[in-house]
Each structure stands twice: as structure tokens, then as C-alpha cells.
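Visitor: First residue of the sequence shown? That's 27 in my numbering, and the numbers climb one at a time after it.
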Amino acid sequence: MLIPQNGMSKKEILETLQEYKKDDLDWKSGKITSYVYYPGDDAMGLINEAYTMYLTESALDPTSTPSILRIENEIIGMISSLVNGDANTVGNFTSGGTESVMMAVLAARNRARALRPEIKEPEIVIPFTAHACFHKAAHYLGVKAVSVPVKDSSFKADADAMRQAITENTIMLVGSAPGWAHGVVDPIREIGRIALERGLLFHVDACVGGIHLPYMRKLGMTVPEFDFSVPGVTSMSVDIHKYGYAAKNASVILYKNKELRRYQMFACSNWPGYTIVNATAGSSRTCGPLAAAWAVLNYFGDDGYMKIVKEVMSATKLLIDGINAIEGLEVLGSPDMCLFSFRSTSDKLNVYRIADELKRVGGWHAQPQFARQNSDSNLQVGMTSMNVPLAEAMLNDLRGIAERLLKEEKTPNAANLALAMKNIKLKADEETVNMLLNMAGVSNEKVPDSIEEVNTILESLPIDFTEYMLTSYINNILKPA
Ligand SMILES: Cc1ncc(COP(=O)(O)O)c(C=O)c1O
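Here's what the structure looks like:
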């Protein structure tokens, strides 16, 4: 495609974009969990206005635009106080959980370079359930992520096993509050104790729970210890674009003090252009997400968030209890907030088939998660305020699907596929990838309606090969039009 010779009319442009959107996930239905955290139409109107008010401002140099500095500092103050930060706690606004986590790993690595120069190959010790972005941070930053299996069936980090995994190269420990896959909070106090004993940094990834959990606590619900009040915690990541219901690209990285934060920063005056001081990864960037996040925090206030959390938690309980009562299905572990996943306990119920049926029957979207270590194939549900009114309907559809599939005699597609896969010689090349994609009904032009085949194939491959295949696929579909 070329830039058009003559500019198009505004009307034509917007209509074209609308047309492009027609196959996108229909999040407005309220039947999509996890992807979108919609704050409701009224808050969204405000978010739009605040976002566009700051769309053109650049965060390149906060000293040139004092209001940006003020907004960022106010956001950090609000989030810090939610997670029991004190007068020494500092932080920065970032584009998302991944960037926040990357900043924590970067700061840990740079600090080790300065204070422990004997470490040539720095390591971070993470529970197996830590978000994939820790592996990404390790990959980008030349750090080794040492992944430690979690405790059976509780899916909580195994603090003793983490202690065993510490070497003279370890620079940081990690815990999640909660982990994405099962919604379970790690034993933060125990890990904090080890961090203190061994003189290590300890990052708590509260991207998911950093806002939701404190409001559960304010509502008198049981919440495991997870924040700066726990001795040993040195940094935390908290996403505002998840359970703060802000527009995307809104997260914060917090440090116990500014000595720790210093190692995340970058300055350069060794070139003939303007001097650069970047606190986070981006340089020139819009301040829309910053202003919009500030707006939504102020819009809801404590009362608004408490109301949301209360409703979301009662819908979550309804679903968890309801799913556990369905023959052949079981929620994994004991989720600590409004994210959970469920597996099948029957040969006749393939969770990927259930996901397909959920979509076909009611337009529901649940996130498939592969069987890895002690975690079976499952579907993950992250409840948000938008899903609350539909929880009962989702449960009814799920119950109906499970009952129907349990009665079906025919061999599920996945079982046939798994058999066919046994005869395939795996080679990391385009030909093998294309053959596997064909088996799954995936082409470079279209993702299939059914996820059963593709997930069965991806799950059964060696992990390296799955990653190779995913990379090849995305590498192929990202091509100039
Ligand atoms: C626990 C946890 N940490 C980090 C991330 C990464 O966040 P983002 O997708 O905003 O980069 C996620 C995303 O789901 C998460 O669940």
C-alpha cells in the first residue's frame, strides 16, 4: 500500500477504520474477560477527554511541561499509598506491566554492576508462575531468569525452593500478587525474609493486584500480605490499565527509595544534540495515557473502586463456586482475587473445545492456557466490572456445554490430532511450521474460528519449538500490505 496521492476526507478515513474493525474481538459485549478493562461509558468519556487534552504533549522533558511532572508525581503518590509505600517510596509512570518489570530488572542489573562487579552473569530467581515478561526482561537485558517450580495444587511460589535456587550470581527475587495464570498471591513475607537474609532485592509484581487487592482489604475481605509493608520488598509493579480501569499504557514501577530507582535511569550528553535524561524506557511519547490514568483514579476515588471490587468479587465467587459444582470441571488452586482458571477432570472434556463452544454458543471468550509443569490445560477468566452482569449467563452456558460434551461419544478432534502429531518429525524450518499450521487450519490470512486444533498442537510440541512456531507465524503475518 502507498500513502494516497491525495489525502482522503475525514469521513472516508473514519468509515474505513470502522470497516477495518469489523472482525475484532467484540469487547463491548461484556463477554470478553481479561483483554479489556472497561470503566463504563461515563468514565470512558472523561478518559477520552483527558487523553486528548494531553495527546500532543511530550513526556520527553518533564521540566518543560510542569503539569506532566505534577500529574506523574500525584499518580505515584496515589498508588504508593495504596500499597503501603512511605515517604521514601518513589516511582515512575510506564507504558505497561512489561515496561515496569523491565525497569525493575534493569535497575537490579545496573545496581549489581555497580556494587557487585564480580557478578558477570546476573540471575533473578522467579517462581514458575511469574509473568512471561520477566523472561522477556531477562532476554533483553542479558540476565538469566532462574524459574523455580511452584507448590503443587496451591500454585504458590515455593519459598524454600527459591532459597535453594539462589547462587552467588543472584541479584533479585520475584513474587507475584497475584500471578496471572491462577490468580494466586505468592508467600511474599517468606520470600521477603529470604531476600533480607541474603541481602537481595525483592520485586513484587502487583501488576494485576496492586489496585484491586487494597480495595478488597478495605472491604474487610481476606487478602494475603503482598506490599511494601512486608519487610524485604524493594520494588513493586502496579498496572493502572488493568484493575485501575485506565486506558492502555498506564502502569507504575515503585521503589522503596530513590537510591534504588537511580539505577533504572539513563542520561546522555555525549553527542551533539540535546541532553537526554530518561527515567523509563521511552523518550518522546504522548502524555495521553498519563492524564487519562490520573483522570480515572480521581473519577472513581476510593468509593468508586470499592463498589467495583465488591461487585466483581461477588460475581467471581458465583463463577468459581458454580464451576466447581459442574461435573468434570475444577478451578485450579485457591484464587486470591478475581482471576482464576479451570481445568477438566474428565477425558471427555477438552478445555480448548469448551472455549470453542463458549464462543459458538454465547460469544464468550476465555483465555486458553497450556499444560505446563503441574498446571493442566485450562481456561483463564479475569473478571472485570464489565463482566459482572453476565456472570450468571456465562455459568449457565458453561454448565450446558459441559453436560452436553460429557454425553458425547465421538472422539474429540484434539485426540485425533494428538495421534497424528506423534508421526511428525520436528524440524525448525518454515516447511514444518506451515505443515503444522495447515493441520491446525491456520493460514497467514486467517485465524480459524476453532482454537481446539491449534492449541492442541502448540501445547504438545517441545516448548522451544512452540516458541519457534509462534515467532515464525507472527514474522509472516507482519508484512507490508
Ligand atoms: C502479573 C503480570 N505482570 C505483568 C504483566 C504484563 O503487563 P502488560 O501486558 O501490561 O505489559 C501482566 C499481564 O497480564 C501480568 O498479569
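Cβ coordinates follow ideal geometry from the N, Cα and C atoms, glycine included.
1) Could you please go through the chain and list the residues whose beta-carbon is closer than 5 Å to any non-hydrogen atom of ligand 1?
2) If we count the other Cβ atoms within 10 Å of its Cβ and call it buried at 16 or more, is L286 buried or exposed?
3) Output yes or no for whether 9 Å exceeds the beta carbon distance between G359 and S469.
4) Classify A293 as buried or exposed, calling it buried when 16 or more other Cβ atoms lie within 10 Å of its own Cβ.
5) Span of the beta strand (DSSP E) holding D50?
6) Do P315 and K274 have their CB atoms nearer than 9 Å?
7) Compare the beta carbon distance of H157 and G123 with 9 Å and say whether it is the shorter of the two.
8) Is the stretch 348–357 touching the stretch 384–398, taking contact as three or more C-beta pairs under 8 Å?
9) Tell me, please, which residues DSSP counts as bridged to S277.
10) By the three-class DSSP mapping on this structure, what secondary structure does Q393 have?
11) Using 8 Å as the cut-off, can you tell me whether the stretch 172–192 makes contact with the stretch 202–211, which would need three or more C-beta pairs spanning the two stretches below that distance?
12) If you reduce the DSSP assignment to three classes, tell me which class G388 lands in.
13) So the beta strand (DSSP E) C294 belongs to, where does it begin and stop?
14) Under a Cβ-count criterion, where at least 16 other Cβ atoms within 10 Å of its own Cβ denotes burial, should P257 be classed as buried or exposed?
15) Have a look at S263 and N481 and give me their C-alpha separation to the nearest angstrom.
16) Is the CB-CB distance between P153 and D184 below 9 Å?
17) Please report the distance separating the alpha-carbon of L487 from that of E147.
18) Pairs of beta-carbons, one from the stretch 96–113 and one from the stretch 131–148, closer than 8 Å: are there three or more?
19) Residues in its own chain within less than 8 Å of A446 by CB, not counting five upstream and five downstream?
20) What three-state label does DSSP hand N460 in the structure shown?
21) Quick one: what does DSSP say P153 is sitting in, helix, strand or coil?
22) Relative to the C-alpha of D87, which candidate in M409, K336, R311, R369 has its C-alpha closest?
23) Under three-state DSSP, which class holds D68?
24) Under 8 Å, with one C-beta from each stretch per pair, do the stretch 405–425 and the stretch 381–388 reach the 3-pair mark?
25) Report the residue from F181, A187, F119, R288 whose alpha carbon sits nearest the alpha carbon of H267.
26) For M409 and G235, I'd like the C-alpha separation in whole angstroms.
27) Pick helix, strand or coil for K177, following the three-state DSSP scheme.
28) Across which residues does DSSP place G408 in a beta bridge pair?
29) Quick check: the Cα distance between G56 and S411, rounded to an integer number of angstroms?
30) Using 9 Å as the threshold, is the C-beta distance between T155 and S401 below it?
31) Go ahead and label R379 buried or exposed: buried means 16 or more other beta carbons lie within 10 angstroms of its beta carbon, across all protein chains shown.
32) What is the DSSP secondary structure of N304, counted as helix, strand or coil?
33) Nearest to E479 by alpha carbon, out of L462, E493, M495?
34) Using alpha carbons as the reference points, say which of I58, I102, N32 lies closest to A317.
Guide: So, to answer that:
1) G122, G123, T124, H157, C159, W206, D231, C233, V234
2) As a working mapping, residue 286 is identified with position 260 in the sequence shown. That one is buried.
3) Indexing the sequence shown from 1 puts residue 359 at position 333. Indexing the sequence shown from 1 puts residue 469 at position 443. No, Cβ-Cβ distance for G359 and S469 is not below 9 Å.
4) Here residue 293 refers to the residue found at position 267 of the sequence shown. Exposed: under 16 other Cβ atoms inside 10 Å.
5) For the purposes of this step, residue 50 is taken as the residue at position 24 of the sequence shown. Careful: D50 lies outside any beta strand (DSSP E) and carries neither H nor E.
6) Residue numbering aside, residue 315 sits at position 289 when the sequence shown is read from its first letter. Residue numbering aside, residue 274 sits at position 248 when the sequence shown is read from its first letter. In contact: P315 and K274 (Cβ atoms closer than 9 Å).
7) Taking the sequence shown and counting its residues from 1, one reaches residue 157 at position 131. Taking the sequence shown and counting its residues from 1, one reaches residue 123 at position 97. It is a contact, given that the beta carbons lie within the stated cut-off.
8) no
9) The residue you call residue 277 lines up with position 251 of the sequence shown. In the DSSP output, where bridge partners are listed per residue, S277 has T120, D265.
10) In the sequence shown, residue 393 corresponds to position 367, counting from 1. Q393: strand per DSSP, three-state reduction.
11) yes
12) Here residue 388 refers to the residue found at position 362 when the sequence shown is read from its first residue. If DSSP states are grouped into helix, strand and coil, G388 belongs with the helices.
13) Numbered from its first residue, the sequence shown carries residue 294 at position 268. Taken as a continuous stretch (DSSP letters only), the beta strand (DSSP E) holding C294 covers 292–294.
14) Sequence index remark: in the sequence shown, residue 257 carries index 231 (1-based). It is exposed - the Cβ of P257 has fewer than 16 other Cβ atoms within 10 Å.
15) Residue numbering aside, residue 263 sits at position 237 when the sequence shown is read from its first letter. Residue numbering aside, residue 481 sits at position 455 when the sequence shown is read from its first letter. C-alpha separation (whole angstroms): 30 Å.
16) As a working mapping, residue 153 is identified with position 127 in the sequence shown. As a working mapping, residue 184 is identified with position 158 in the sequence shown. In this structure, D184 lies closer than 9 Å to P153 by Cβ.
17) As a first step, residue 487 is located in the sequence shown; it is residue number 461 there, counting from the start. As a first step, residue 147 is located in the sequence shown; it is residue number 121 there, counting from the start. Looking at the two C-alpha atoms, the distance is approximately 30 Å.
18) no
19) Sequence index remark: in the sequence shown, residue 446 carries index 420 (1-based). Same-chain partners within the cutoff: M465.
20) Within the sequence shown, the letter at position 434 stands for residue 460. DSSP places N460 in helix when its eight states are reduced to three.
21) Start at 1 with the first residue of the sequence shown, and residue 153 comes out as number 127. DSSP places P153 in strand when its eight states are reduced to three.
22) The sequence position of residue 87 within the sequence shown is 61, counting from 1. That would be R311, whose Cα lies nearest to the Cα of D87.
23) Locating residue 68 in the sequence shown gives position 42, where the first residue counts as 1. Helix.
24) yes
25) Translated into the one-based positions of the sequence shown, residue 267 becomes position 241. Selected option, being the one with the closest Cα: F119.
26) As a working mapping, residue 409 is identified with position 383 in the sequence shown. As a working mapping, residue 235 is identified with position 209 in the sequence shown. For M409 and G235, the distance between alpha carbons rounds to 12 Å.
27) The sequence position of residue 177 within the sequence shown is 151, counting from 1. Coil.
28) Position 382 of the sequence shown, counting from 1, holds the residue named residue 408. Paired residue(s): L365.
29) Taking the sequence shown and counting its residues from 1, one reaches residue 56 at position 30. Taking the sequence shown and counting its residues from 1, one reaches residue 411 at position 385. Rounded to whole angstroms, G56 to S411 spans 9 Å at the Cα level.
30) Against the sequence shown, residue 155 aligns to sequence position 129. Against the sequence shown, residue 401 aligns to sequence position 375. Yes.
31) Here the question's residue 379 lines up with position 353 in the sequence shown. With 16 or more other Cβ atoms within 10 Å, it is buried.
32) Here the question's residue 304 lines up with position 278 in the sequence shown. Residue state, collapsed to three classes: strand.
33) In the sequence shown, counting from the first residue as 1, residue 479 sits at position 453. Closest by alpha carbon: L462.
34) Taking the sequence shown and counting its residues from 1, the one referred to as residue 317 is at position 291. Ranking I58, I102, N32 by Cα distance to A317 puts I102 first.
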